[in-house]
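Q: Numbering (full-length UniProt numbering), first residue to last: 1 to 587.
Beta carbons are placed, not taken as given, at the ideal position from N, Cα and C, and that holds for glycine.
Please see the structure below; I have some questions.
This is the structure in structure tokens:
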């Protein structure tokens, strides 16, 4: 009896080399590079989430729980900043955020190399343990210096968690399906940012901000259990010398240089004048060091550079990195400075300002998922970037209209629009980086191509996180400089200098009129500079997105080297079935 042949695997793809004379077009489903000899011919079948197995979805749950832990801490601190600064009578509040972002950013490029040496699961566990240690240190801090030190340790763990989540997704999910999972992780991040500010605000209002960090310990324990039992992945058989050779040790130059540059940006105009040597020296040394780092990375001396120069030569990938950096600036600006606006201008408590931030969080989450699904369904990502950045520009433009006494409908409506736009961009900005291919990146066929994309994903996380550091530092500096100009003289004298204004927010309600209204108006006017900066950032990205190409998305993963171990048996069964099919058909 005749039997129908076994169906073709939906994950299969054919990679061929086109003759130099033939330039493939995008219309026939092939990715066309400037070199003209790489073609992707995806199957006609749509990406499917079926048949991935229980272990796969447990891994997704482990990644979501780890990402939730990191995002919860990052966003909850924003509403607790004034209370932490007031508790220690310190004006170094910006470093509570910047220290975390800086260390997490600096360690991201090393995470990929360490994951190749020690494996995916050990690195994720190390990240979770370090994060828990940093949380305990901050909770037990007796000075602002100890808080900043603990946040630096947390940042190391948070950077590892963030990067490993992206790496594992790259290992297990084809690019054509990855939009949904980028959207899920974005929604988890947004969900954490929804509950984080109210939790941080409630604990800060109760004088128990330390428990904001102690709560991370049991949450980290849950994530560690999930990762330990679920994230059991294969590893390629390589020697230790080959693994160690993949590390980029020159990256230590960037760590030192970035730290110096951020110091200068943070101190400039607030702690010291911009003309002060205390600002100029770290700025100059920092940017010169980063320039030297980029130069050394481009030489043959570095075998596995952090900066993928071959990728940056492709216009679409370069645009992807730029918009990822800018998205980092915009997202951190709205998350950190909107609660300050609510507390300073409306007298909202830390708890209430966190609840007010729901207008952002509960729009970012669903639209992150919808944005990812739209990429999977349509196979395109350019439109999502254009729409996302365009709406963000409109939203931040409306934010500049806010005054200290604007209606609830005004600030709620404007932030909903910003959240919607930034949610779409969470998954959309990932694709321009990893979609383009070059012949040099595919010397060994499709498996080599997928493996090389790990460098792109790691560097994307690095660029986005550096944008977040830049956004926090520059935004804080700009706000401080504007407050120095706008605050009433009487209030400015009472707090000493403008950089102390954030710590003084809880005392604004105690001021007499008309001084109270004048101080609130000064905050609203000063924050306009932050929103105006964001207009320029997202508006530039909208224009830049016009020049990116929408290329077909790959449908393979490096299952052979980095797949889940439990899926080896399933693959063996599939091979046996394929061998047996002709025999069965003749019976």
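Given 8 Å as the limit, is there contact between the stretch 131-139 and the stretch 487-507, that is, 3 or more CB pairs closer than that?
A: No, because fewer than three Cβ pairs between the stretch 131-139 and the stretch 487-507 fall closer than 8 Å, the two stretches do not touch.
Q: DSSP on residue 272, reduced to helix/strand/coil?
A: Reduced to three states, the DSSP call for residue 272 is strand.
Q: Among 54, 187, 316 and 336, which one has its Cα closest to the Cα of residue 101?
A: Considering only alpha carbons, the answer is 336.
Q: Out of 319, 232, 183 and 413, which has the shortest C-alpha to C-alpha gap to residue 432?
A: Measuring from the Cα of residue 432, the nearest candidate turns out to be 319.
Q: Indicate the three-state DSSP secondary structure (helix, strand or coil) for residue 123 in the structure shown.
A: It is helical.
Q: With a floor of 4 residues, list each alpha helix (DSSP H) that falls wholly inside the stretch 306-372, ordered by position along the chain.
A: Runs found: 309-312, 315-346 and 350-356.
Q: Ignoring anything shorter than 4 residues, give me the alpha helix (DSSP H) runs that lie fully in the stretch 185-251, in order along the chain.
A: DSSP runs (the alpha helix (DSSP H)) wholly in the stretch 185-251: 211-214, 216-230 and 240-244.
Q: Indicate whether residue 161 and residue 124 have their beta-carbon atoms separated by less than 8 Å.
A: In this structure, residue 124 lies closer than 8 Å to residue 161 by Cβ.
Q: Residue 355 and residue 82: beta carbons closer than 8 Å?
A: No. Outside cutoff.
Q: So, under 8 Å CB-CB, residue 596 and residue 264 are touching, yes? Tell me the CB distance rounded to an integer number of Å.
A: Absent from the model: residue 596. The displayed extent of the chain is 1 to 587, so no value can be given.
Q: For residue 518, which three-state DSSP category applies?
A: Residue 518 falls in the helix class under three-state DSSP.
Q: So, helix, strand or coil for residue 512, using DSSP?
A: Residue state, collapsed to three classes: coil.
Q: Name the residue from 275, 317, 276 and 423 whose alpha carbon lies nearest to the alpha carbon of residue 547.
A: The residue with the shortest Cα to Cα distance from residue 547 is 317.
Q: Whether or not the stretch 527-545 and the stretch 318-334 are in contact is what I'm after, with contact meaning three or more pairs of Cβ atoms, one per stretch, closer than 8 Å; do they touch?
A: Taking 8 Å as the limit for Cβ pairs, the verdict is that the stretch 527-545 does touch the stretch 318-334.
Q: Can you tell me where the alpha helix (DSSP H) holding residue 409 begins and where it ends?
A: Unbroken alpha helix (DSSP H) run through residue 409: 408-428.
Q: Taking 8 Å as the threshold (C-beta atoms), are residue 223 and residue 598 in contact?
A: Outside the shown range of the chain, which is 1 to 587, sits residue 598, and nothing can be said about it.
Q: Residue 163 by DSSP, collapsed to three states: which one?
A: Helix.
Q: Per the contact definition of three or more C-beta pairs closer than 8 Å, is the stretch 211-228 in contact with the stretch 398-406?
A: No: the two stretches stay apart, fewer than three of their Cβ pairs being nearer than 8 Å.
Q: Under 8 Å, Cβ to Cβ, is there at least one residue of chain D near residue 405?
A: Structure shown: chain D not included; a single protein chain is present.
Q: For the stretch 404-419 and the stretch 374-390, state whether three or more C-beta atom pairs, one from each stretch, are separated by less than 8 Å.
A: The stretch 404-419 vs the stretch 374-390: no contact.
Q: Would residue 110 be called buried (16 or more neighbouring beta carbons within 10 Å of its own) or exposed?
A: So residue 110 counts as buried.
Q: I'd like the span of the alpha helix (DSSP H) that includes residue 548, first residue to last.
A: Here residue 548 belongs to no alpha helix (DSSP H), and DSSP marks it neither H nor E.
Q: Taking the straight line between their C-alpha atoms, what separation do you get for residue 367 and residue 155?
A: If I take the Cα positions, the gap works out to 27 Å.
Q: So, residue 341 versus residue 527, is the Cβ gap smaller than 8 Å?
A: Yes, the Cβ-Cβ distance between residue 341 and residue 527 is below 8 Å.
Q: Less than 8 Å separating the beta-carbons of residue 372 and residue 315?
A: No, the pair does not count as a contact, with Cβ atoms beyond the cut-off.
Q: What did DSSP end up calling residue 299 once you bin it into helix, strand or coil?
A: Residue 299: coil per DSSP, three-state reduction.
Q: Give me the residue from 408, 418 and 332 with the minimum Cα distance to residue 75.
A: Out of 408, 418 and 332, 332 has the C-alpha closest to the C-alpha of residue 75.
Q: Can you give me the start and stop residues for the alpha helix (DSSP H) that residue 385 sits inside?
A: 382-399 is the span of the alpha helix (DSSP H), which, as asked, contains residue 385.
Q: Could you pull out every residue in the same chain whose Cβ sits closer than 7 Å to the Cβ of residue 96, ignoring the five residues on either side in sequence?
A: The residues are 77, 81, 84, 147, 148 and 151.
Q: Quick test of the definition: if touching needs 3 or more C-beta pairs under 8 Å, does the stretch 219-233 touch the stretch 387-396?
A: These segments do not touch.
Q: Assuming residue 79 contacts residue 353 (C-beta within less than 8 Å), just tell me the rounded distance between them.
A: Sure, about 5 Å apart at Cβ, within 8 Å.
Q: Mind reading off the beta-carbon distance from residue 185 to residue 67? Whole number of angstroms is fine, and I expect it under 8 Å.
A: Sure, about 6 Å apart at Cβ, within 8 Å.
Q: On the three-state DSSP scale, how would you describe residue 108?
A: Here residue 108 sits in helix by DSSP.
Q: Would residue 38 be called buried (16 or more neighbouring beta carbons within 10 Å of its own) or exposed?
A: Because the pLDDT of residue 38 is 38, which lies under 50, any placement of that residue in the model is unreliable, and the number read from its coordinates should be weighed accordingly. It counts as buried.
Q: Might you give, ordered along the chain, the residues of its own chain that have their beta carbon closer than 7 Å to the beta carbon of residue 108, omitting 5 neighbours on each side?
A: These residues qualify, in order along the chain: 159, 163, 458, 461, 462 and 465.
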